[in-house]
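Those sequence lines, one after another, are chains A and B.
Quick note on numbering: the UniProt record's numbering labels position 16 of the first sequence as 16, and the sequence is numbered without any gaps.
Quick note on numbering: the UniProt record's numbering labels position 26 of the second sequence as 26, and the sequence is numbered without any gaps.
Glycine included, C-beta positions come from ideal geometry on N, C-alpha and C.
All values reported here derive from a predicted model rather than from experimental measurement.
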Amino acid sequence: MLSYVLKRLSHTLLVIVGISIVSFVFLQLSGDPVGLMLPQDATSQQIEDLRHKLGLDDPVVVQYLRFVGNALRGDLGRSLFSNEPVAALILERLPATVELAFFSMAFALVIALPIGIVSALKRGTLIDTASMVLALFGLSMPHFWLGIMMIMLFSVQLGWLPTSGRGSFAQIIMPAAAMGISMVALFARLTRSTLLEVLGQDYVRTARAKGLPEYIVIGKHALKNAMIPLVTMIGMEFGLLLGGAVIIETVFAWPGVGRLIVQAIMDRDYPVVQGAVMLLSMIFVIVNLLVDLAYGWLDPDVSLRRASK
Amino acid sequence: MEAAPPLLEIDGLSIDAMLADGPVRLVDGVTLGLRAGEVLGLVGESGCGKSLLSYSILRLLAPGLRISGGDIRLEGRSLATLPERKIRAMRGNEISMIFQEPMTALNPVFTIGDQVAEVFRTHQRLSRPQARAKAVEALAAVGVPSPEIRVGQYPADLSGGMRQRVMIAMALACRPKILIADEPTTALDTTIQAQILELMRGLQRNFGTSIVFISHDLGVVAEVADHVAVLYCGRVVEEAPVAELFRNPRHPYTRGLMGAVPQPDAEDMPDVLHEIKGNVPRPGHLPGGCRFHPRCPVARDICRISDPPRVAVGAQHHVACWEAADAS
Chain A
1 MLSYVLKRLS HTLLVIVGIS IVSFVFLQLS GDPVGLMLPQ DATSQQIEDL
51 RHKLGLDDPV VVQYLRFVGN ALRGDLGRSL FSNEPVAALI LERLPATVEL
101 AFFSMAFALV IALPIGIVSA LKRGTLIDTA SMVLALFGLS MPHFWLGIMM
151 IMLFSVQLGW LPTSGRGSFA QIIMPAAAMG ISMVALFARL TRSTLLEVLG
201 QDYVRTARAK GLPEYIVIGK HALKNAMIPL VTMIGMEFGL LLGGAVIIET
251 VFAWPGVGRL IVQAIMDRDY PVVQGAVMLL SMIFVIVNLL VDLAYGWLDP
301 DVSLRRASK
Chain B
1 MEAAPPLLEI DGLSIDAMLA DGPVRLVDGV TLGLRAGEVL GLVGESGCGK
51 SLLSYSILRL LAPGLRISGG DIRLEGRSLA TLPERKIRAM RGNEISMIFQ
101 EPMTALNPVF TIGDQVAEVF RTHQRLSRPQ ARAKAVEALA AVGVPSPEIR
151 VGQYPADLSG GMRQRVMIAM ALACRPKILI ADEPTTALDT TIQAQILELM
201 RGLQRNFGTS IVFISHDLGV VAEVADHVAV LYCGRVVEEA PVAELFRNPR
251 HPYTRGLMGA VPQPDAEDMP DVLHEIKGNV PRPGHLPGGC RFHPRCPVAR
301 DICRISDPPR VAVGAQHHVA CWEAADAS
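Right, dumping it as C-alpha cells:
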C-alpha cells in the first residue's frame, strides 16, 4: 500500500508541474494587461515602464521560473488592480466555494443513491422508468435557468428563502440544490447501471445461496462493489465543483472562487488568474489522489495489483 | 437401502423460462431421489437443464425462470411453496451450494474470513469474534494451510483451488444435509481437480453429507457418484447406480457420452473417441417423439412419433428409450 501511495504522489507532482507550465503559457498568449491598466492616452514610454516594473519584458522562461520560485514560497504575487496578495484573495473566497460544493454534493447523493438503488432493484417497473425520467429531467435543465426559477418560486412568490448572499443555512439551500440537481441524474443512473451489473455477478448468487437476507446481499455484497465506479465519479464531480460554479455563484451572488476568476479574467489580472488556476488544479488533482487512495480501501485488488507492478 | 425414504425428492419438476412470446419449458417433469449419505451425479451436455434443476432446489433461479410444475421435498417438506423467509433459513444451513467458477463466486472486496464467518453469523447468530474463530476452524477442515492468516486475505490472494476450498468450507460450515455442487471442478487444473474431488469425498464420508454432483464429465461423476442420472433436453433419459450404469448403459445417449470420454484402461473400448453427432436442440424447438431421435444411431419410426416410456431395466435402473422398452 505504501509504495502505491508514493507512486501516486509522484504522479500527482508531475501533473501539477505540467499544469503550471500549460496555464502559464496560455495566459501569455491571451494578451497584455498593461493596456487595460493604463489610460488610453498613455505614452509608449509609460507602457514600457509599467511592463518593466511588472517584469513582463523578461523572457517567458524567466517569468515562469520567477512565478514558480515565488509560488514555492507561498507567494502567488499580487493583484494588478487591488494590489492584494493573490493567495489571500483566493483563500478568502475558497471556504464559500468548498461549502457550496459540499452541500450540492450532499444534496445530489442523498437523492440520487436511493433513486439509483430502487430503480436497479425494481428494474423495468413503473418506479424505475419514472425515477429515470425524473433524473433525466434534472440533467437537462440548465442550472442558471433552474436557479432563476427557484428564486422566482421560493423567494419571490413564497418568500421562504433569501434570494442571494452567503451567511445563513437558508441561503445555501437554493444554490446547492440548483447545482446538485444535474448531478442527481448522473449519480442515479450510474448507481443503477453499476448495481445492475453487480447484481448479475456470481458472488451475489453465492451470497444468496449462503442464506443471507436480501438487505445484506444488496447493502453489503452488491453495494460495496458498486461503490467503486461511483467513488470515481463523485471525486471528479467534486473536483469540478471546487473549481467554482461561475454561473450559480453569479445567479445567487455567492462569494466564491468562480466569481473571483471571472472578474480577474475580465481585468486581465494575470497573477490572480494564474494563481487561482494553479490552486484549483492542485485541489482537483489532490481530490483525485484521495479518490484513488479510497479505491485501495474499497477494492483490495487495486492496491495489490498496482503496487506489484 | 431400497426401503429408506429419500432425503430429497424431486417430483415431476418442470421449469419454464418466461419469454415475451410465452413460456418455454427447460426442465420437463424430472423425478429424482437423493438418499441420506448418497452422492447423486447429474450428467448431461450444456443446456440440458442440470444446473437449472440444481438452482431450483434452493429456489435460486434467475428472474424470468420459474418452477411451473411438480415439487421438491426435503424430508417430506415441500420447498417449492415454502415462504421466502423459510427457504432463506435453509440456504447455506440445511442445503448448500458450490459453483463452477471459484474465481468469481467469492466477493472480491471482502476478506475470506468475513465471507466464511457470515454463514455462522447468519445461521447460528454468533458474535463477530466467535464467527471468525469458527471460520478459521472451517478453513482448516478443508485443508487450507495457515487458515489464521488466510482469513485476513482477499480472494485475489488465493489460487483457484484454494478458492474452491474456501467455497466448500463456506458451504459445509453449518453441516448441511445436502451439498449441491454445480461443476465444482470444471474450472480447475486436473491435479487440483483430483484434490478437490478427494476432499469432497473425505468430507462426505466424515459428515455424511448427501451430495448432488453436477457435471458434464462422466469420468468425474464415475469417481464420486453412487447414483447417476443422465439428462437430455430437460428430461432424465437414464438413471442407475454408478457401477450398473457404466457396466450396462442402455440409452444410446448415455452410450454416446461414454464413447466421448477417454478410457485408457478399458480393454473392450475402441481406442478412438466418439462424438455424438449433431447438436443439442434449442429449447422451444424440440423434435417430436423421443427428443434424442435426430441424433440417435438406432432411431426407429416409433421414436419419431411417440415419447418413450420410462421403464425399469434392473435394480434402480430406469431408462426412457423404445429399444429398452421393447426388450423388457
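Chain-ordered chain A contacts of residue i [CB-CB under 7 Å]
i              : result
L60 (chain B)  : R205, R208 and A209
M170 (chain B) : K210
E118 (chain B) : K210 and L212
R88 (chain B)  : G211 and P213
V109 (chain B) : K224, N225, L298, D299 and P300
Nearest candidate by alpha-carbon position, reference residue i, set the options
i              : options                          : result
M152 (chain A) : A:H221, A:S131 and A:M174        : A:M174
A181 (chain B) : B:F99, B:P309, B:A17 and B:P108  : B:F99
R235 (chain B) : B:D16, B:T81, B:E38 and B:G49    : B:G49
G143 (chain B) : B:M170, B:E94 and B:R91          : B:M170
A226 (chain A) : A:Y203, A:L212 and A:K210        : A:Y203
D157 (chain B) : B:T111, B:H251 and B:R201        : B:T111
V86 (chain A)  : A:A188, A:Q171 and A:Y270        : A:Y270
L95 (chain A)  : A:E48, A:T43, A:E84 and A:G243   : Here residue 95 (chain A) is Pro; the residue named in the question, Leu, does not match the sequence. Measuring from the Cα of P95 (chain A), the nearest candidate turns out to be A:G243.
L139 (chain A) : A:L80, A:Y4 and A:A177           : A:A177
P59 (chain A)  : A:V25, A:A71 and A:G74           : A:V25
L79 (chain B)  : B:A62, B:Y55 and B:S51           : B:Y55
L53 (chain B)  : B:A17, B:P23 and B:V242          : B:A17
G160 (chain B) : B:H227, B:A187 and B:S46         : B:A187
V287 (chain A) : A:T232, A:I111 and A:L109        : A:T232
R247 (chain B) : B:S127, B:V237 and B:V228        : B:V228
M105 (chain A) : A:G258, A:I181, A:R73 and A:A207 : A:I181
F144 (chain A) : A:I248, A:I172 and A:E84         : A:I248
G284 (chain B) : B:S14, B:I10, B:P23 and B:L8     : B:P23
Short CB-CB distance (under 7 Å) between residue i and chain B
i                     : result
P229 (chain A)        : no
L195 (chain A)        : no
D299 (chain A)        : yes
K224 (chain A)        : yes
residue 339 (chain A) : Residue 339 (chain A) lies beyond the stretch modelled for chain A, which goes from 1 to 309, so this question has no answer here.
A307 (chain A)        : Model confidence at A307 (chain A) stands at a pLDDT of 43, short of 50, so the residue's coordinates are unreliable; what they give is reported in the following sentence. No, A307 (chain A) lies away from the interface with chain B (no Cβ there is under 7 Å from its Cβ).
Cross-chain neighbours of residue i in chain A, by beta carbon under 8 Å
i              : result
L106 (chain B) : Y203 and T206
G49 (chain B)  : Per Cβ cutoff of 8 Å: no residues; G49 (chain B) is ~18 Å from chain A at best.
A181 (chain B) : Those do not exist, as A181 (chain B) stays about 12 Å from chain A at its closest Cβ, beyond 8 Å.
8 Å CB neighbourhood of residue i in its chain, flanking five on each side removed
i              : result
M1 (chain B)   : Reliability of the predicted coordinates at M1 (chain B) is poor, the pLDDT of 45 falling under 50, and no value is obtained from them.
S23 (chain A)  : Q274, V277, M278 and S281
P281 (chain B) : C233, P287, R291 and P294
Under 9 Å from the C-beta of residue i: neighbouring residues of chain A
i              : result
G161 (chain B) : Those within 9 Å of G161 (chain B) in chain A number zero; the least Cβ separation is about 17 Å.
T122 (chain B) : K210, G211, L212, P213 and I216
R91 (chain B)  : R208, A209, K210, G211 and L212
Y253 (chain B) : Going along chain A, no residue has its Cβ under 9 Å from Y253 (chain B), so there is no contact; the nearest lies around 29 Å.
Residue i burial status per 10 Å Cβ neighbour count (16 or more: buried)
i              : result
Q124 (chain B) : exposed
H317 (chain B) : buried
L6 (chain A)   : exposed
K309 (chain A) : Low per-residue confidence applies at K309 (chain A): pLDDT is 37, beneath 50, and the placement is therefore not dependable enough to give any value.
K177 (chain B) : buried
P102 (chain B) : buried
N107 (chain B) : buried
Y215 (chain A) : exposed
E38 (chain B)  : buried
Contact set for residue i: own chain, Cβ-Cβ below 7 Å, skip 5 residues either direction
i              : result
H293 (chain B) : P287, A299, C303 and R304
A135 (chain A) : I115, V184, A185, A188 and R189
L218 (chain B) : V43, L257, M258 and V261
L89 (chain A)  : S79, L260 and V272
L50 (chain A)  : V34, M37 and L38
V198 (chain A) : V204, A222, N225 and A226
V119 (chain B) : G92, M170, A173 and C174
P6 (chain B)   : G33, L34 and R35
Short CB-CB distance (under 7 Å) between residue i and chain A
i                     : result
M18 (chain B)         : no
E101 (chain B)        : yes
M97 (chain B)         : yes
residue 332 (chain B) : Since the first residue shown for chain B is 1 and the last is 328, residue 332 (chain B) is missing from the structure and cannot be characterised.
Y154 (chain B)        : yes
M1 (chain B)          : Confidence is the limiting factor: at M1 (chain B) the pLDDT is only 45, short of 50, which leaves the residue's position unreliable, though a coordinate-based value still follows. Cβ-Cβ to chain A under 7 Å: no for M1 (chain B).
Chain-ordered neighbours of residue i on chain B, where CB pairs are closer than 7 Å
i             : result
H11 (chain A) : Within chain B, no residue comes near H11 (chain A); the closest Cβ sits about 23 Å away, beyond 7 Å.
Sequence-distant residues of its chain with Cβ nearer than 6 Å to residue i (five each side left out)
i             : result
T12 (chain A) : V285 and L289
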